[in-house]
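Encoded as structure tokens, the structure appears first; notes follow it.
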Amino acid sequence: MASTTKEFLGHPVGLSYLFFTEMWERFSFYGMRALLVLYMTQYLLLDPHLSDSVVGYSALSALLTTLFGKLSVIGISSQIYGLYTGFVYFTPFLGGLLADRYLGKTNAVYLGAILMAIGHFLMAFEQFFLLALLFLIMGNGLFKPNLTAQVGSLYQPGDQRVDSAYTIYYMGVNLGAFFSPIVCGTLGQTVGWHYGFAAAGIGMLVGTLVYWRGSRYLPLENQRVIRVQENDGTANRSWLRPLLVIGYLCFVNILFWGVYEQQGNALQVWADEKTNWNVLGIDIPSSWFQTLNPLFIILLAPLLNRVWTWQRRRDTEPSSIVKMAIGCAWMIVAYLMMMYVAGISQGAEKLNLLWVTMVVLLFTIGELYLSPIGQAMVAKVAPARMVSMFMGVWFLSSFFGNYLAGFIGAYYDRMSNQEYFAIMVAMSALAVIMFIAPRKRLGAWIDAKA
17 MASTTKEFLG HPVGLSYLFF TEMWERFSFY GMRALLVLYM TQYLLLDPHL
67 SDSVVGYSAL SALLTTLFGK LSVIGISSQI YGLYTGFVYF TPFLGGLLAD
117 RYLGKTNAVY LGAILMAIGH FLMAFEQFFL LALLFLIMGN GLFKPNLTAQ
167 VGSLYQPGDQ RVDSAYTIYY MGVNLGAFFS PIVCGTLGQT VGWHYGFAAA
217 GIGMLVGTLV YWRGSRYLPL ENQRVIRVQE NDGTANRSWL RPLLVIGYLC
267 FVNILFWGVY EQQGNALQVW ADEKTNWNVL GIDIPSSWFQ TLNPLFIILL
317 APLLNRVWTW QRRRDTEPSS IVKMAIGCAW MIVAYLMMMY VAGISQGAEK
367 LNLLWVTMVV LLFTIGELYL SPIGQAMVAK VAPARMVSMF MGVWFLSSFF
417 GNYLAGFIGA YYDRMSNQEY FAIMVAMSAL AVIMFIAPRK RLGAWIDAKA
């Protein structure tokens with residue numbers, strides 16, 4: 017366990033260093049997320065001479081055209097966005113596997129941080145655009161699952177603080193996500209795209225320094241590979257049931273993330289085109305749209321924790337799986353509102369900022385009912401020697417969901433906004449059904465392990 021008895025908000029002090037490390041890493045990631053589609057649609061891919069200078073772009077463009085037909089600038093940008101954000105959540109499975117078997121969590125975090133910093137700074141050169149995305153993808157794969165898994169390693173089995181620890185950690189994620197569009201987005205849209213990307217790279221370096229400073233407060237087993245002697249078949253079978261549970265929930269989560277991640281894709285374009293970003297006479301960059309979700313998470317996470325504590329005392333708190341279903345139900349409400357808003361946005365006049373603010377508020381409630389709850393569940397259910405790999409399995413749902421978001425986003429300009437948002441409603445409803453139907457059997461398996 018950790019080498020100190022100091023505490024942070026009633027938790028081991030190591031949580032504070034993981035909190036701020038993840039905050040700066042998310043600062044860098046969401047800085048990229050806020051700028052990526054706008055950078056491609058408004059600069060890099062508009063000029064054929066500029067896009068053709070990008071190493072590997074011609075081959076990628078030809079492949080996407082072969083698979084999906086002729087694509088507009090928005091269409092191909094959406095495909096690249098989906099591939100990038102998707103693989104960001106695919107590689108954690110491989111990164112978790114490498115850490116559990118060869119590197120250890122600590123070394124994997126350091127290596128991942130260095131690769132991501134290189135990727136951010138490569139974004140300063142147009143010709144290395146795709147190579148930069150590759151470095152970011154590989155680095156995130158090593159960094160993400162192994163830092164997240166270390167939150168659970170701060171606690172003894174059965175410690176009831178684990179759920180709240182992941183919610184606090186999740187606030188750190190979104191604190192970085194809140195500031196990054198303000199800093200990176202403003203620099204990118206008003207000073208120069210490369211200044212925004214460079215700011216994201218600096219944030220990644222700061223996060224690495226924070227992690228180094230806090231390493232003495234983290235469990236020593238993070239620095240080595242846990243070897244377990246397995247003398248019979250029992251240990252080999254111990255991971256099968258948790259893997260089945262997490263695998264099924266990940267499969268359903270694909271629908272949630274495919275709907276949710278429209279925030280950085282089609283909804284970012286919609287917010288840029290249809291929303292009035294003039295506030296009190298000041299024109300705000302539309303990339304600030306990305307600050308709404310993390311701001312609401314910071315505000316709402318403590319409130320929802322209190323609600324769940326109140327429900328727990330009365331024995332009415334929903335199970336983890338039911339909470340996930342509730343999260344998807346909130347997405348239905350959000351996209352029904354988007355259908356209504358799309359219906360009143362047919363004129364030339366842009367919409368009041370309050371509309372997209374309300375929609376993102378609904379998105380955020382749904383996210384809080386699903387994402388941190390799922391991470392805490394993985395930490396409790398996964399075998400100790402395989403927790404990084406299992407966390408990587410959990411992030412696989414985000415891989416497929418992010419790619420699904422990009423795939424669907426390619427049709428954004430091929431249909432009406434109302435038709436597009438109706439698809440999101442249907443996908444969210446299907447996810448609710450798939451969570452609720454087997455909840456008793458899955459819940460029994462989770463309780464048996466926990």
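With my numbering applied, the sequence shown corresponds to residues 17 to 466, in that order. For each residue, glycine too, the CB sits at the ideal point set by N, CA and C.
Asked	Found
Beta-carbon spacing of V167, Y185 below 7 Å	yes
Unbroken stretches of the alpha helix (DSSP H), 4 residues or longer, contained in the stretch 284-337	305-329
Three-state class that DSSP yields for P519 in the structure shown	Because the chain here runs from 17 to 466, residue 519 falls outside it and cannot be looked at.
Beta-bridge pairing of E23 - partner residues as DSSP gives them	P28
Beta-carbon gap between I130 and F151 smaller than 7 Å	no
Reference S361, options S335, L386, K290, P161, closest by Cα	K290
Exposure label - G408; buried when at least 16 CB within 10 Å	buried
Whole alpha helix (DSSP H) elements within the stretch 79-160, 4-residue minimum	89-114, 121-138
Beta-bridge partners of L367, as assigned by DSSP	T291
Cβ-based neighbour list, S69, same chain, cut-off 8 Å, excluding 5 preceding and 5 following	E142, Q143
Residue range of the alpha helix (DSSP H) that includes T183	178-196
CB contact flag (C266, L412, <7 Å)	yes
Reduced DSSP secondary structure (H/G/I, E/B, other) of A421	helix
Residues near Y264 by beta carbon distance below 6 Å, same chain, minus five either side	none
Where I389 sits in the DSSP three-state scheme	helix
Cut-off 6 Å between Cβ atoms - residues of its own chain near Q327, not counting five sequence neighbours on either side	E333
Given 8 Å, three or more beta-carbon pairs between the stretch 338-346 and the stretch 205-216	no
Proximal residues to G249 (C-beta, below 6 Å), its chain only, five neighbours per side dropped	Here the model assigns G249 a pLDDT of 47, short of 50, so the residue's position is not dependable and the matter cannot be decided.
7 Å Cβ shell around S414 - same chain, five flanking residues per side excluded	Y105, W273
G204 to M450 span [Cα, whole Å]	41 Å
Sub-7 Å separation of P388 and T183 beta-carbons	yes
Three-way DSSP call (helix, strand, coil) for I439 in this model	helix
Backbone CA spacing between M402 and L110 [nearest angstrom]	12 Å
Local Cβ density within 10 Å of V178, reported as buried at 16 or more and exposed below that	buried
Presumed contact (8 Å Cβ cut-off) between L80 and L87, rounded CB distance	6 Å
Cβ-Cβ distance between N418 and E277 below 7 Å	yes
M374 CB to nearest heavy atom of the ligand HEM below 6 Å	The model on display carries no ligand, and the ligand HEM is accordingly not part of it.
Where G85 falls, given that 16 or more other Cβ within 10 Å makes a residue buried	exposed
Whole alpha helix (DSSP H) elements within the stretch 43-75, 4-residue minimum	64-68
Exposure of G382, with buried meaning 16 or more beta-carbon neighbours within 10 Å	buried
6 Å Cβ shell around W371 - same chain, five flanking residues per side excluded	V357
Whole-angstrom C-beta distance between A181 and L31, which should lie under 8 Å	6 Å
Where the alpha helix (DSSP H) containing M220 begins and where it ends	209-230
Collapsed DSSP secondary structure at N281 in the structure displayed	coil
L113 versus M393 - alpha carbon distance	19 Å
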